[in-house]
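This report concerns only the one structure given below.
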Amino acid sequence: MVMYGSFFLLYRSTSRTIKEDYYDGGQSMINNRKRIIIISVLSAAAVVAAVMCVVMIRRIRGGNPTGEALSQNVNPIESSSQTEEPTVYVDNTIDIIDVNSKTRPFAVSVNNTPVAVQVQTGLNKAYIVYELPTESYTCRLLALFKVEDSDVTDEAPQEIVGSGNVSQTDTVIGTIRSARHNFLDFCFESDAIFVHFGGSTYAESDEAKTGINWINGFYNSAYYWRRNPEGLATEHTAYTSLYRLKSAVQEKGFNAEAENASDTVLLNYDVSDVDLSKREDSVSASSVYVPYSSYQYTTFTYDAASGNYLRFASGEPSLDHETGEQFNTKNIIVQKITHSMMDDNYCWNLHTVGRGEGYYITNGYAVPIQWSKSDRYSKTVYTYADGTEINVSDGRTYIEVSDVTMTVEVE
Numbered sequence: 001m002v003m004y005g006s007f008f009l010l011y012r013s014t015s016r017t018i019k020e021d022y023y024d025g026g027q028s029m030i031n032n033r034k035r036i037i038i039i040s041v042l043s044a045a046a047v048v049a050a051v052m053c054v055v056m057i058r059r060i061r062g063g064n065p066t067g068e069a070l071s072q073n074v075n076p077i078e079s080s081s082q083t084e085e086p087t088v089y090v091d092n093t094i095d096i097i098d099v100n101s102k103t104r105p106f107a108v109s110v111n112n113t114p115v116a117v118q119v120q121t122g123l124n125k126a127y128i129v130y131e132l133p134t135e136s137y138t139c140r141l142l143a144l145f146k147v148e149d150s151d152v153t154d155e156a157p158q159e160i161v162g163s164g165n166v167s168q169t170d171t172v173i174g175t176i177r178s179a180r181h182n183f184l185d186f187c188f189e190s191d192a193i194f195v196h197f198g199g200s201t202y203a204e205s206d207e208a209k210t211g212i213n214w215i216n217g218f219y220n221s222a223y224y225w226r227r228n229p230e231g232l233a234t235e236h237t238a239y240t241s242l243y244r245l246k247s248a249v250q251e252k253g254f255n256a257e258a259e260n261a262s263d264t265v266l267l268n269y270d271v272s273d274v275d276l277s278k279r280e281d282s283v284s285a286s287s288v289y290v291p292y293s294s295y296q297y298t299t300f301t302y303d304a305a306s307g308n309y310l311r312f313a314s315g316e317p318s319l320d321h322e323t324g325e326q327f328n329t330k331n332i333i334v335q336k337i338t339h340s341m342m343d344d345n346y347c348w349n350l351h352t353v354g355r356g357e358g359y360y361i362t363n364g365y366a367v368p369i370q371w372s373k374s375d376r377y378s379k380t381v382y383t384y385a386d387g388t389e390i391n392v393s394d395g396r397t398y399i400e401v402s403d404v405t406m407t408v409e410v411e
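Counted from 1, the sequence shown has number 270 at position 270 by UniProt numbering; the numbering is strictly sequential.
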């Protein structure tokens with residue numbers, strides 16, 4: 001406003017001078033004309049200066065006469081030096097197994113009689129362990145191992161002195177026991193190669209009928225060995241290793257890979273821990289008791305520090321014979337079934353096809369679930385009460401197949 005006011009006063013003064021000097025004669029007229037020219041030039045210069053000042057003020061104020069920030073009226077030009085937001089990468093990798101690998105797993109029949117649990121070996125390298133009832137209300141384990149060729153590069157010795165496996169990559173598994181025909185049902189749902197030492201007549205008959213790939217120690221002794229540090233009966237002394245089993249696959253001409261990676265993966269794994277506490281039907285599960293008879297039962301105790309359940313066999317810590325490490329699991333699935341007797345009145349026929357109930361347990365909580373299996377070759381599907389298929393936490397899973405006549409306790 002100061003510049004505008006100065007220009008206005010100068011204009012009025014000039015007009016008054018021209019009027020007063022008009023009658024002073026010719027010389028005065030000439031002098032006045034000179035004055036007018038000079039004043040006009042000065043006036044024009046003042047106008048230009050005023051305009052330039054206005055432009056500068058507008059630039060200083062961001063080109064906005066109101067003085068408000070320019071960014072409120074126009075889109076700012078992004079500078080190449082502008083700090084970019086850091087890219088956040090989410091790791092969706094499952095650690096327990098490679099779910100994208102087509103490698104077929106091994107399903108190994110592992111001794112689980114009360115006298116033999118003291119020499120159990122290698123179970124903490126399995127990603128799924130089934131505990132399955134057999135005749136006389138005993139039970140066996142069917143442990144699934146999925147390993148890539150690069151995982152096993154050197155062989156473990158048959159005799160290991162001291163604690164621990166001296167091989168850097170191989171895993172000793174034992175002791176190996178005989179097959180039962182229902183074990184095949186659990187092999188099929190992961191396209192697994194069946195590993196056992198001997199078997200019932202029903203099991204060997206089903207192997208021939210179905211064409212399942214098997215590695216039976218009775219006929220393939222090169223892939224097994226015996227050792228007996230605890231002085232047990234012969235049936236409790238057979239061992240194998242992942243190195244030998246992978247050699248057997250190559251030498252016997254089995255397909256090492258499934259047609260699809262999904263054929264080898266039974267469960268849906270979650271990259272984060274599954275939190276069952278938020279479900280309305282959940283209960284606390286710090287201890288899980290699964291009986292198979294009055295003298296053989298399995299218990300799991302939740303270890304909050306590790307987030308895993310520690311396994312106990314008939315009240316005693318279940319330890320790896322080689323490493324001394326207690327067997328543990330991230331997830332527990334209880335699958336309640338019925339059974340009938342085979343015509344030899346000795347072997348059990350587990351009713352694994354159909355529907356039933358059970359529990360899913362992880363991270364200190366349990367929820368009731370349902371299971372279904374359309375035929376012996378299909379996968380068992382585990383769902384919540386609302387029918388939604390469960391996701392399990394990334395980690396090992398024990399599937400406790402329990403007869404409905406036995407009372408499972410979760411507390």
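Idealized CB from N, CA, C, for every residue including glycine. Predicted, not measured: the structure shown is a model, and the values here were computed from it.
- A straight line joining the alpha-carbon of Val401 with that of Asp185 spans about 12 Å.
- Excluding the 5 residues flanking it on each side, Tyr365 has same chain C-beta neighbours closer than 6 Å at Leu276, Ser277, Ser282, Ala285, in chain order.
- Taking the CA atoms as reference points, Leu232 sits about 31 Å from Thr153.
- For Ser318, the closest alpha carbon among the candidates Ser136, Thr121, Val410, Asn349 is that of Thr121.
- Tyr398 sits in a strand when the DSSP states are folded into three classes.
- With the rule of 3 Cβ pairs closer than 8 Å, the segment 193-201 counts as touching the segment 106-117.
- Annotated three-state conformation of Glu357 is strand, per DSSP.
- Taking 8 Å as the cut-off, the Cβ atoms of Thr240 and Tyr224 count as close.
- Around the beta carbon of Lys209, a 10 Å sphere encloses fewer than 16 other beta carbons of the protein chains shown; the residue is thus reported as exposed.
- Apart from the 5 residues on each side of it in sequence, Thr299 sits with its Cβ closer than 6 Å to the Cβ of Tyr289, Phe312 in its chain, given in chain order.
- Excluding its 5 nearest sequence neighbours in each direction, Met406 has C-beta neighbours in its own chain below 6 Å: Pro291, listed in chain order.
- Taking the Cα positions, Trp214 is about 15 Å away from Thr201.
- By the beta-carbon neighbour count (other beta carbons within 10 angstroms, threshold 16), Gly395 is buried.
- Straight across, the Cα-Cα distance linking Asn268 with Val172 is about 28 Å.
- When DSSP states are grouped into helix, strand and coil, Ala366 belongs to the strand group.
- If you draw a 10 Å sphere on the C-beta of Arg244, you find 16 or more other C-beta atoms in it, and that means buried.
- Per DSSP, the unbroken beta strand (DSSP E) holding Asp270 starts and ends at 268-270.
- With fewer than 16 other beta carbons inside 10 angstroms of its own, Lys252 counts as exposed.
- A direct Cα-to-Cα measurement between Ile176 and Asp191 gives close to 20 Å.
- A direct Cα-Cα distance of roughly 17 Å separates Pro229 from Pro114.
- Under the 10 Å beta carbon count, Ala305 is surrounded by fewer than 16 other beta carbons and is classified as exposed.
- When secondary structure is reduced to three states using DSSP, Lys373 falls in the strand class.
- Bridge pairing for Cys187: absent [DSSP].
- Gly307 and Asn363 do touch by the CB rule: their CB atoms are close to 6 Å apart, below 8 Å.
- One Cα belongs to Lys379, the other to Glu325, and the distance between them is close to 31 Å.
- Within the model, the alpha-carbon separation for Thr237 versus Gln335 is close to 30 Å.
- For Asn220, the secondary structure class from DSSP, reduced to helix, strand or coil, is coil.
- Residue pairing from DSSP leaves Ile97 without any beta-bridge partner.
- Counting only residues of its own chain and dropping the five nearest sequence neighbours on each side, Ala203 has a CB closer than 6 Å to the CB of Ala179, Arg180, His181.
- Taking Glu389 as the centre and dropping the five residues before and after it, the same chain places the C-beta of Asn268, Val381, Tyr382, Thr383 closer than 8 Å to its C-beta, in chain order.
- Rounded to whole angstroms, the Cβ separation of Asp170 and Leu242 is 6 Å, and the two are in contact under 8 Å.
- Runs of the beta strand (DSSP E) lying entirely within the UniProt domain "DUF3048" (101-254) and spanning at least 3 residues, in chain order: 106-110, 128-133, 139-145, 172-174, 193-196, 214-216, 238-241.
- For the set Trp371, Tyr297, Ser393, Ile337, the Cα lying nearest the Cα of Arg140 is the one of Tyr297.
- Counting the other CB atoms within 10 Å of its CB gives Val147 a total of 16 or more, which places it among the buried residues.
- The beta carbon of Tyr360 sits closer than 6 Å to those of Ile333, Val367, Ile369, Ile390, all from its chain and outside the five residues before and after it, given in chain order.
- In the three-state DSSP reduction, Lys336 falls in the strand class (E or B).
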